[in-house]
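Residue numbers (our numbering): 1 to 534. Cβ coordinates follow ideal geometry from the N, Cα and C atoms, glycine included. On a predicted model such as this, the values are computed, not experimentally measured, just so you know. One structure is given below, encoded as structure tokens.
Take a look at the structure:
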């Protein structure tokens, strides 16, 4: 194994939503940082061809992709001729599920990660989710509150630019908006109709980030501008390097993707931002005499409480003359949501925990309306990630074995969604008939239904692409992996700021919260923590 002579102030693993923010905050704070990305650099001309429309892919295209080695990735709603280059090869990057279970793990390995296929919907979480046990009487409390996180939401929103309209909805706090995004005429009518006919339900404009066609994520560009960031692509991280005496991380071992050469890079701090399951996989694979169950494994909770949103979609049609075109800037602008309904289930009679929000698109570029519900999967110990004892990836690294299934609670939530979404659609003035049952209108689910949908009609776990948990935060080291700053109890110079740190998923899309948590953790590193590493 070859080792780099340089020792960096910080090593960041992963270049997507969390990693791009980590390098920005750390370099702007004066630290010298190396960023390790498992995938390739971008080829702008090849990856983002000009004059590309938002792509669709039918059955034949997905079958061909499966034959080429993307048999899992081709089951993703956003997989198309436009986007297939942003999804991994499943032959090179396998994972396993127990027999009879399905978890869909959709991955992107390239600079920027999955941001290149992100729908950019960014609602804030609230104390109804962050302090669920205390405020709602069900769920779990995080080791931080909305007031702790709000200043960091502000920072992220002001940097990226977020569309939205102030609505004063308690469980969907208003943000630093630059103004409402464009809605269709049918969406405007829907908002008015629902709030008039269903007073317990609030409808607001979708909260989504401004489209940035630069392709390199803005936070990463800001980090590069400091001159303190080194980017290494094609660096497949296998494990953390651990000091035998202190148990702290001394660096990271990775494999060069194209050559198979094992290398090591040294650093004072390691920030894992590789995605929830991948970061947990790295921690588990970092076992040593000091960390026999992996770094963070002393409590027995590493890899546990993995979640994805419980997701069900209702689809109908609108008239061709009601379709509005030109709402997306180009073929890589995937923001397809016009309206948002935050969870309203505190006002509903229900027999399950948590709630769900609904994202809507009506007449956007196609004669359809789509209502996609995303609900809180309750964290369960048995839903977990471990290392497969026999299967390895193309670089000889043990792969993730993912066990995550819907509970009876989740199934009751899906049943409620099936009843409620048509009711809301009708109240909004939409034509409601037999559900077309497509996760997005370009999925040929009627012919490939079982590959995408569970028997209950919801997406298989993982299908929402909102995976969280596995290295959850907590107040005490005996029932969590990280503290409230995403700092590992077992190795205090290791931080995990992607979705793995979540205590529970909430009903909101997780990306904005990942970014805010990353900013908070990295400012802690730069401030209080950096004094100790020096």
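For this session: Compute the Euclidean distance between the alpha carbons of residue 177 and residue 13, then round it to the nearest angstrom.
Result: 30 Å
Problem set entry | Straight-line gap, residue 363 to residue 381 (C-alpha atoms, nearest Å) | 41 Å
Exercise. Along the chain, which unbroken stretches of the alpha helix (DSSP H) at least 4 residues long are found entirely within the region 400-478?
Worked result: 408-427, 445-452
Exercise. Per DSSP, residue 539 is paired with what?
Worked result: With the chain represented from 1 up to 534, any question about residue 539 goes unanswered, as that position is not in the structure.
For this session: List the residues that DSSP assigns as beta-bridge partners of residue 141.
Result: 131
Problem set entry | Continuous alpha helix (DSSP H) stretch holding residue 518: start and end | 511-524
Problem set entry | First through last residue of the alpha helix (DSSP H) which encompasses residue 153 | 146-160
Exercise. Whole alpha helix (DSSP H) runs in the region 238-319 with 4 or more residues, listed along the chain?
Worked result: 276-284
Problem set entry | Residue range of the unbroken alpha helix (DSSP H) whose run includes residue 190 | 185-197
For this session: Name the two residues that bound the continuous alpha helix (DSSP H) containing residue 224.
Result: 218-225
Problem set entry | Helix, strand or coil at residue 96 [DSSP, three-state] | strand
Problem set entry | the region 281-297 in contact with the region 157-177 per 3-pair CB rule at 8 Å | no
Exercise. Is the beta carbon of residue 81 within less than 6 Å of some heavy atom of the ligand ADP?
Worked result: Among the components modelled here there is no ligand, and therefore nothing to report on the ligand ADP.
For this session: Using three-state DSSP, classify residue 11 as helix, strand or coil.
Result: strand
Exercise. Contact check, residue 360 vs residue 337 under 8 Å by CB: the rounded distance?
Worked result: 7 Å
For this session: Assign residue 200 to buried or exposed, taking buried as 16 or more other Cβ atoms, counted over all protein chains shown, within 10 Å of its Cβ.
Result: exposed
Exercise. DSSP on residue 18, reduced to helix/strand/coil?
Worked result: helix
For this session: Spell out the partners DSSP gives residue 341 in its beta bridges.
Result: 358
Exercise. Do residue 25 and residue 522 come within 7 Å of each other at the CB atom, strictly closer than that value?
Worked result: yes
Exercise. Nearest to residue 159 by alpha carbon, out of 76, 219, 416?
Worked result: 219
Problem set entry | Nearest residue (CA-CA) to residue 209, options 352, 270, 229, 511 | 511
For this session: Express the C-alpha separation of residue 494 and residue 283 in angstroms, rounding to a whole number.
Result: 10 Å
For this session: Mark residue 20 as exposed unless 16 or more other C-beta atoms lie within 10 angstroms of its C-beta, in which case mark it buried.
Result: buried
Exercise. With a Cβ-Cβ cutoff of 7 Å, do residue 249 and residue 270 count as a contact?
Worked result: yes
Exercise. Which class does residue 501 belong to by DSSP, given the choice of helix, strand or coil?
Worked result: helix
Exercise. If you drop the 5 nearest sequence neighbours on each side, which residues of the same chain put their C-beta closer than 6 Å to that of residue 155?
Worked result: 519
Exercise. Taking buried to mean at least 16 other C-beta atoms within 10 Å of its own C-beta, is residue 438 buried or exposed?
Worked result: At residue 438, the pLDDT of 47 sits below 50, so the modelled position is not reliable; the number obtained from the coordinates is stated separately. Under this definition residue 438 is a buried residue.
Exercise. Quick one, are the C-beta atoms of residue 81 and residue 57 less than 7 Å apart?
Worked result: yes
Exercise. Where residue 324 and residue 251 are concerned, what is the direct C-alpha to C-alpha distance, given to the nearest angstrom?
Worked result: 52 Å
Exercise. Going straight from the alpha carbon of residue 310 to that of residue 531, what length do you get?
Worked result: 42 Å
Exercise. Exposed or buried, residue 147, counting other C-beta atoms within 10 Å across all chains shown (16 or more means buried)?
Worked result: exposed
Exercise. Going along the chain, which residues of its own chain have a beta-carbon closer than 7 Å to the beta-carbon of residue 184, five neighbours each way excluded?
Worked result: 324, 338, 362, 363, 364
Problem set entry | Identity of the residue in 234, 132, 33 nearest residue 259 by Cα | 234
For this session: Provide the residue(s) that pair with residue 398 in DSSP beta bridges, ordered along the chain.
Result: 392
Exercise. Can you tell which of 468, 526, 384 has the C-alpha that lies nearest to the C-alpha of residue 507?
Worked result: 468
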